[in-house]
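Visitor: Mind looking over this structure? Questions follow.
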Amino acid sequence: MEKQIRIALAGNPNSGKTTMFNELTGSYQHVGNWPGVTVEKKEGSLKGHRKEVKVMDLPGIYSLSPYTLEEVISRNYLLEERPDVIIDIVDASNLERNLYLTLQLLETGIPVVVALNMMDVVINRGDKINAKKLAEELGCPVVETSAMRGKGIENLVNTVLEVAAKDNVQQKSQPFGGDVESAVKKIEKVIDGMVPAESLRWYAVKLFERDEKLDIKPDAGQMQQVESIVAECEELQDDESESIITSERYAYITSIIKPVYTKKNREKYTISDKIDRIVTNKWLALPIFFGIMWIVYYVSITTVGDWTIGWVEMFFEWLGESAAAGMEAASASPWAVSLVVDGIIGGIGSIIVFVPQLMILFLFLSILEDSGYMARVAFIMDRIFRRFGLSGKSFIPMLIGTGCSVPGIMASRTIENERDRRMTVMLTPFIPCGAKVPIIAMFAALLFPSASWVGPSMYIIGILVVIVSGVFLKRTKAFKGDPAPFVMELPEYKAPRAKGVLIHMWEKGRSFIIRAGTIIFVACAAIWFLQSFTPGMEFVGLEGIDQSILAHIGNGIRYIFIPLGFGDSWVGPVSALTGLVAKEVVVATLTMASEATVVMFSQVTAFAFMIFTLLSAPCFAAIGAMRREFGNAKWTWIAVLYQTGLAYVLAMLVNLIGGAVLAGTPATAMQTLDSGILEEASESDLVAGGDISLWILGILLVVIIVGVIISSVRNKKKYNDIGKLGA
Amino acid sequence: MELSLKDTPVGSSVKVKRVSGEGAVKRRIMDMGITKGTDVYVRKLAPLGDPIEITVRGYELSLRGEDAKNIIVE
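Just so you know, the protein sequences line up as chains A and B, in that order. If you count the first sequence from 1, position 284 lands on 352 in the numbering used here, and the numbers rise without skipping. If you count the second sequence from 1, position 57 lands on 69 in the numbering used here, and the numbers rise without skipping.
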């Protein structure tokens, strides 16, 4: 058998790396997470060389510093796994900054092939790049490509395979200036023999930078030698060692691209500049932003998304009914029918139901991302969201969360900072989703017939909980960490390409089914079992819920819920538990329970119950999505416990304070829920989910515009549009 | 008093004198190409007054005011 070749794909964000990965591997991809973190890991195999060539897509990075998670992951992969070749995707239209990473990759001693990508953009601008000259300067092969147009890929693959076939690839590293070069050389001597010869340079430079995440540990004596070499050089250069290296690299790049890059004198404004002048214009930016969000919401949640959900539900209902009819005809026992219909078909249905909506949403997200607008979203919204430990991009997950938490949670993938991403995943489920609306509507119609504030109050509480949690969690140890600057590239606007968008959409749908699907299915089946059987293993079906194992469990744990006001029977706790399958199931459970026994709520306990079901752990599908995004069980548990704990405390406060303050008023009088009108009440339009979201959007718009006016008065002197300067 | 990028009016070009601060913040700013002697053009402020958008080494970058304070300019 031939030796397997491993290729790593490295490059800056926005360099066209993902497109290149798709071109190289086609749809043969495996998407997961790097162990224990929320960073996506993509692996595939090379088209036409499926068996013998594997391609690993490293996270998009600007540097190999020890400070960001993505950079550390990439470094560790390169040095520990030592792939045979690194393909460095370089955005040719942004050569200076992209070569900064190239120089660092070359130092690792792993053979590098530079893919000079987006050459079409350079040519369109009328600029020229001498690739041959660049290859000479860098000392590694350089291949011109345009992944977007599928050009140069074959050439790239051939070059890479050629390099991989060589045993000994000689690669040069960048020479530093006099003092620095001699210091690095001295460090090389100190650690010679400790590290692989081809990576000697890498380790010497990293030691010079006092890099703390190095995987070698020289002894104290060696460290002392290194330290004195570095200190001497710092003295000479009057700068800090890390900055010395960075400045050296950029100075070197400036010197090598001079003979390589010929710039045409171009017009003052490119099309991208013109778009930007409108899209991030002081007055137009926010209306345009909300307009785009409204379209995304309207299509993916309110209209097309809702229709597809309806179709999937209808299909599974039909499937269940036909299966039931078939099985009953074959005189299968009732429990077997229920297992197949409610357990298996119902369980699978509850996974598939999200998929079309997810895919529509990801269609939009990848259009926003690929067009370059997503970076502007962060730019526009940053000021508001950073106060809560969130990113400007957190707006999208939260908005989508008003429809369904599952796509909302998965939309957090576009946030670049790991801490912001985690926080967003953790807080998005607090926003009342569409499935929680029937619960609110039911209680509002039955117990608060003339109080129109009940519905909106739930949304306001949800948003307040997000804000307060954000401010609070930001200060906790887990979210504090090292200070990270918000330094974000604003890429040029581009027309998104259908192929990339479609692959992205398909990948998201598939990875949700695989990653989250198993958890959802197992959990739904477990709940089905608990609510259909008695402790004596006798099948009672969903109608006999009062004798089920679940009711017994409810009886056992109901004492915990007494402070919340709904622990006087098994009904409250059991309804909340079945809400884990899907929140709208709470209504069905209450209906079945009120047929079997007397269910009583007062206005205060109903409000406490609503708070608890709304804020506590979301449904299994959302938990599965959280698990998928967190990439580990630990954080999933932390999130679920935090949500449930907070829900418990708030519901208890509502019940105890409400009960005390309103004692003796009709608000604390117990009323029996009428099983006959429960379902009907849940469909009342006291709270129409979509309308409320629009209201919230509108209010936000007004609040923010007032903010703009205030800040513009403050910044009057500073603010100036690029347009005015051109004149 | 030394001038920082935060105090630079929108629409003007300046030369970077040095980057202060330390660790991750400083490294990240420099990694993005803001090193001593680099020309930086302040393009605009975000609609809410922060962050700022600059042009450096031929591309667009956004920075928060608090980070821009670390970039000392001539």
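Using N, Cα and C, we set each Cβ at its ideal position, and we do this for glycine too. Since we're looking at a predicted model, the values are computed, not measured.
Which of the three DSSP states is assigned to A/Asn223 in this structure?
Guide: Looking at A/Asn223 - three-state DSSP - the assignment turns out to be helix.
Visitor: Have a look at A/Gly726 and A/Lys702 and give me their C-alpha separation to the nearest angstrom.
Guide: Cα to Cα, the separation comes out at about 35 Å.
Visitor: Under 9 Å Cβ-Cβ, which residues of chain A neighbour B/Lys41?
Guide: Lys is not the amino acid found at residue 41 of chain B; the sequence shown has Ile there. What B/Ile41 touches in chain A: Pro553 and Val555.
Visitor: The alpha helix (DSSP H) that contains A/Asn192, what's its start and end?
Guide: Start and end: Met187 to Arg193.
Visitor: So what does DSSP say about A/Phe669, is it helix, strand or coil?
Guide: It is a strand residue.
Visitor: Could you name the residues that DSSP lists as bridge partners for A/His98?
Guide: According to DSSP, which records beta bridges pairwise, A/His98 is partnered with A/Glu111.
Visitor: Is the region 132 to 150 of chain A touching the region 224 to 235 of chain A in the sense that three or more CB pairs, one from each, lie closer than 8 Å?
Guide: Segments in contact, no.
Visitor: Hey, does B/Ala80 have any beta-carbon neighbour from chain A nearer than 7 Å?
Guide: Judged by the 7 Å Cβ criterion, B/Ala80 is not in contact with chain A.
Visitor: Verify the CB distance criterion: does B/Val37 have a CB-CB separation below 7 Å to chain A?
Guide: Taking Cβ atoms only, chain A reaches closer than 7 Å to B/Val37, which makes this a yes.
Visitor: Just confirm the distance between the C-beta atoms of A/Leu746 and A/Met526, as a whole number of angstroms; I'd bet it's less than 8 Å.
Guide: Contact flag wrong, Cβ pair sits at about 18 Å.
Visitor: Closer than 6 Å by C-beta to A/Val474: which residues in its own chain qualify, once you throw out the five before and the five after it? Chain order, please.
Guide: Correct list, in chain order: Phe422, Ala689, Ala690 and Ala693.
Visitor: Check the Cβ-Cβ distances between A/Leu326 and every residue of chain B, and say whether any is below 7 Å.
Guide: The question names Leu, yet the displayed sequence has Lys at residue 326 of chain A. Chain B contact via Cβ: absent.
Visitor: First and last residue of the alpha helix (DSSP H) that includes A/Leu169?
Guide: Start and end: Leu163 to Glu175.
Visitor: Looking at the strands, I want to know which residues DSSP matches up with A/Glu712.
Guide: It should be pointed out that residue 712 of chain A corresponds to Thr in this sequence rather than to Glu. DSSP lists no partner for A/Thr712.
Visitor: Hey, does A/Glu164 have any beta-carbon neighbour from chain B nearer than 7 Å?
Guide: Closer than 7 Å to some Cβ of chain B, the Cβ of A/Glu164 qualifies, so yes.
Visitor: So, does the CB of B/Lys48 fall closer than 7 Å to a CB anywhere in chain A?
Guide: Yes, B/Lys48 counts as interfacial toward chain A.
Visitor: Is the region 639 to 650 of chain A close to the region 730 to 739 of chain A, with three or more CB pairs under 8 Å?
Guide: In short, these stretches do not touch, since the Cβ pair count stays below three.
Visitor: Roughly how many angstroms separate the alpha carbons of A/Leu431 and A/Val505, rounded to a whole number?
Guide: The alpha-carbon atoms of A/Leu431 and A/Val505 are separated by roughly 26 Å.
Visitor: Which partner residues of A/Gly79 appear in the DSSP bridge assignment?
Guide: Looking at the DSSP assignment, A/Gly79 forms a beta bridge with A/Ile157.
Visitor: Looking only at DSSP bridge pairs, what is A/Lys196 linked to?
Guide: Partner(s): A/Thr330.
Visitor: How is B/Met51 classed by DSSP in three states: helix, strand or coil?
Guide: Looking at the sequence itself, residue 51 of chain B is Asp, so the reference to Met does not match. Correct three-state label for B/Asp51: strand.
Visitor: Looking at the structure shown, is A/Phe688 part of a helix, part of a strand, or coil, going by DSSP?
Guide: The answer is helix: DSSP assigns A/Phe688 an H, G or I state.
Visitor: Any contact between the region 85 to 97 of chain A and the region 207 to 223 of chain A? By contact I mean 3 or more CB pairs, one from each, below 8 Å.
Guide: Because the criterion of three Cβ pairs below 8 Å is met, the region 85 to 97 of chain A and the region 207 to 223 of chain A touch.
Visitor: If you reduce the DSSP assignment to three classes, tell me which class A/Val237 lands in.
Guide: In this structure, A/Val237 counts as coil in the three-state DSSP scheme.
Visitor: Between which two residues does the beta strand (DSSP E) carrying A/Thr733 extend?
Guide: No beta strand (DSSP E) contains A/Thr733, which DSSP labels as neither H nor E.
Visitor: Does the region 268 to 281 of chain A come close enough to the region 169 to 177 of chain A to have 3 or more Cβ pairs within less than 8 Å?
Guide: Short answer: they touch.
Visitor: Give a yes or no on whether 7 Å exceeds the smallest Cβ distance from A/Ile73 to chain B.
Guide: So, not an interface residue.
Visitor: If you draw a straight line from the alpha carbon of B/Ser32 to that of A/Phe677, how long is it in whole angstroms?
Guide: If you take the alpha carbons of B/Ser32 and A/Phe677, they lie about 53 Å apart.
Visitor: With burial defined as no fewer than 16 other Cβ atoms inside 10 Å of the residue's Cβ, what is the status of A/Ile448: buried or exposed?
Guide: When all chains shown are included, A/Ile448 counts as buried.
Visitor: Short of 7 Å Cβ to Cβ, which residues in the region 350 to 374 of chain A face chain B?
Guide: Listed by position, the residues of the region 350 to 374 of chain A near chain B (Cβ gap below 7 Å) are Lys350, Ala353 and Leu354.
Visitor: For A/Thr314, decide whether its Cβ has a neighbour in chain B, counting only Cβ atoms nearer than 7 Å.
Guide: True, the Cβ-Cβ gap to chain B drops below 7 Å.
Visitor: What's the C-alpha gap between A/Glu111 and A/Leu92?
Guide: Using only the alpha carbons, I get a separation of about 11 Å.
Visitor: Excluding the 5 residues preceding and the 5 following A/Arg583 in the sequence, name in chain order all residues of the same chain whose CB lies nearer than 8 Å to its CB.
Guide: Here the set comprises Gly100, Gly692, Arg695 and Arg696.
Visitor: Would you say B/Ser32 lies against chain A (beta-carbon separation less than 7 Å)?
Guide: Taking Cβ atoms only, chain A never reaches closer than 7 Å to B/Ser32, which makes this a no.
Visitor: Exposed or buried, A/Thr106, counting other C-beta atoms within 10 Å across all chains shown (16 or more means buried)?
Guide: That one is buried.
Visitor: Using 7 Å as the threshold, is the C-beta distance between A/Thr659 and A/Asp614 below it?
Guide: Not in contact: A/Thr659 and A/Asp614 (Cβ atoms no closer than 7 Å).
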